[in-house]
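Report on one structure; see the data block that follows.
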Amino acid sequence: MSQVRSAFNKASSQYDEHAFLQKEIASRLDAKLEVISGKSNVILDLGAGTGLLSHQLSKRFPDSQLICLDFAHQSLAHNLANNKICADANHLPLADNSVDMVISSLMMQWCPDLKQLFSEIHRVLKNDGLILFSTFGPDTLKELKKSWSVVDSDTHVNTFTDMHDIGDQMLGAGFQSPVMEMETLTLTYQTVTDLLRDLKAIGAQTVSTRSKSLMGKDKFQLMIKMYESYRIDGKLPATYEVIYGHAWKRVNKLGGIAISNQ
7 MSQVRSAFNK
17 ASSQYDEHAF
27 LQKEIASRLD
37 AKLEVISGKS
47 NVILDLGAGT
57 GLLSHQLSKR
67 FPDSQLICLD
77 FAHQSLAHNL
87 ANNKICADAN
97 HLPLADNSVD
107 MVISSLMMQW
117 CPDLKQLFSE
127 IHRVLKNDGL
137 ILFSTFGPDT
147 LKELKKSWSV
157 VDSDTHVNTF
167 TDMHDIGDQM
177 LGAGFQSPVM
187 EMETLTLTYQ
197 TVTDLLRDLK
207 AIGAQTVSTR
217 SKSLMGKDKF
227 QLMIKMYESY
237 RIDGKLPATY
247 EVIYGHAWKR
257 VNKLGGIAIS
267 NQ
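Counting from 7, one number per residue, gives the positions in the sequence shown under the working numbering.
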């Protein structure tokens with residue numbers, strides 16, 4: 007986790023400039039609040055970072071107390087919100103039953119222990135409180151993963167959790183009837199290097215963004231050659247599987263998982 011925190015701190019000054027996908031997903035997550043209603047006296051933006059979602063939440067809920075929490079202090083320094091906390095999402099420095107809504111955009115994929123994360127979110131939410139989030143699924147950067155898999159058997163790209171497993175973890179933490187949705191978004195690039203540069207610029211470090219000398223120039227060039235096989239209409243695609251989920255904390259009620267594909 008310290009490596010992830012360091013990467014986001016280093017990327018904080020240029021994050022917004024390169025985070026076009028993150029901005030779009032934050033907007034789509036915010037739009038879901040049009041139809042998912044709930045009390046909004048106290049809202050926690052979990053993994054708030056530089057404020058891509060925080061800014062939209064402050065406009066949607068101008069009379070609410072918005073708490074922006076992130077573990078990367080330099081990212082928070084670029085967040086214009088008034089109420090900011092630098093802390094680990096797995097150990098929230100908030101009282102039990104103190105938050106009406108926890109909203110999190112593209113943070114959960116960096117949390118290796120979802121059981122602990124959802125337990126903490128459940129703890130701080132009030133009864134009838136809402137959790138709403140976006141994260142990445144297993145097909146994210148599948149072209150990059152497959153290109154590296156031809157080169158060697160090492161892990162070069164971050165792994166992401168399937169939405170069914172996320173739903174199971176939410177049920178295990180006590181949330182009622184989690185609703186999970188998925189959509190696929192595709193970015194295009196002129197070169198593989200452009201993609202890797204974007205990943206590094208937003209702190210989404212993978213092994214493949216490191217110096218070529220660490221893995222060997224030949225391996226790196228072979229990966230690029232394999233990625234070229236995906237080129238369509240002169241562009242290289244980068245697939246992102248985006249997962250959205252929401253659920254309520256309702257004491258003494260049980261439910262299953264609802265799945266829908268957009």
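The beta-carbon is built from N, C-alpha and C at its ideal position, and this holds for glycine as well. These figures come from a predicted structure and were not determined experimentally.
Q | C-alpha gap between GLY251 and VAL41, whole angstroms | A | 14 Å
Q) What are the start and end residues of the alpha helix (DSSP H) that includes ASP65? A) Correcting the residue type first, residue 65 is Lys in the shown sequence and not Asp. Where LYS65 is concerned, the enclosing alpha helix (DSSP H) stretches over 60-66.
Q: Specify whether the stretch 177-184 and the stretch 114-124 touch according to this definition: at least 3 beta carbon pairs, one from each stretch, less than 8 Å apart.
A: yes
Q. Does DSSP put HIS24 in a helix, a strand or coil?
A. helix
Q: Mark GLU247 as exposed unless 16 or more other C-beta atoms lie within 10 angstroms of its C-beta, in which case mark it buried.
A: buried
Q: Count the other CB atoms, across all protein chains shown, that sit within 10 Å of the CB of SER43; report buried if there are 16 or more and exposed otherwise.
A: So SER43 ends up on the exposed side.
Q.
Just to confirm before moving on: does the CB-CB distance between THR245 and LYS148 stay below 9 Å?
A. yes
Q) How about LEU27 and LEU138: are their beta carbons less than 9 Å apart? A) no
Q. Taking the alpha-carbon positions, what's the ASN85 to HIS162 distance?
A. 31 Å
Q | Exposure of PRO99, with buried meaning 16 or more beta-carbon neighbours within 10 Å | A | exposed
Q) Would LEU52 pass as a contact of ALA95 if the rule is Cβ separation under 9 Å? A) Yes, they are a contact pair.
**Q.** Close beta carbons around TYR233, own chain, < 8 Å, minus the five adjacent residues each side
**A.** GLU149, LEU150, SER153, VAL198, LEU242
Q: Have a look at the DSSP bridge pairing and note the partners of PHE142.
A: VAL248
Q: From the DSSP output, read off the bridge partner residues of LEU131.
A: VAL105
Q. Exposed or buried, what is SER217 when buried is set at 16 or more other beta-carbons lying within 10 Å of its beta-carbon?
A. Bear in mind that a pLDDT of 44 at SER217, under 50, signals an unreliable position, so the model cannot answer this.
Q | Paired residues, beta bridge with SER110 - DSSP | A | PHE139
Q: Could you pull out every unbroken beta strand (DSSP E) segment of at least 3 residues lying fully inside the stretch 173-240, listed in chain order?
A: Runs found: 182-195.
(Q) What does the alpha-carbon distance come out to for the pair LEU50 and VAL185? (A) 20 Å
Q | Reference LEU35; option with closest CA among GLN175, MET113, ALA93, ASN47 | A | MET113
**Q.** ASP158, DSSP secondary structure in three states
**A.** Per DSSP, reduced to three states, the secondary structure at ASP158 is coil, with no helix or strand assignment.
(Q) Within a Cβ cutoff of 6 Å, which residues of the same chain sit near THR141, ignoring the five residues on either side of it in sequence? (A) Within its own chain, the residues whose Cβ lies closer than 6 Å to the Cβ of THR141, once the five positions on either side in sequence are excluded, are MET114, GLN115, ILE249, listed in chain order.
Q. If you count every other CB in all the chains shown that lies within 10 Å of the CB of THR146, and 16 or more means buried, which is it?
A. It counts as buried.
Q: Select from ALA87, LEU202, THR56, PHE77 the residue whose C-alpha is nearest the C-alpha of GLN71.
A: ALA87
(Q) DSSP three-state label for VAL48, please. (A) DSSP places VAL48 in strand when its eight states are reduced to three.
Q. Taking the Cβ atom as the reference point for each residue, do ILE208 and HIS24 lie within a distance shorter than 9 Å?
A. yes
**Q.** Run of the alpha helix (DSSP H) containing LEU80, from where it starts to where it stops
**A.** A small correction: the amino acid at residue 80 is Gln; Leu does not occupy that position in the sequence shown. Here the alpha helix (DSSP H) through GLN80 covers 79-83.
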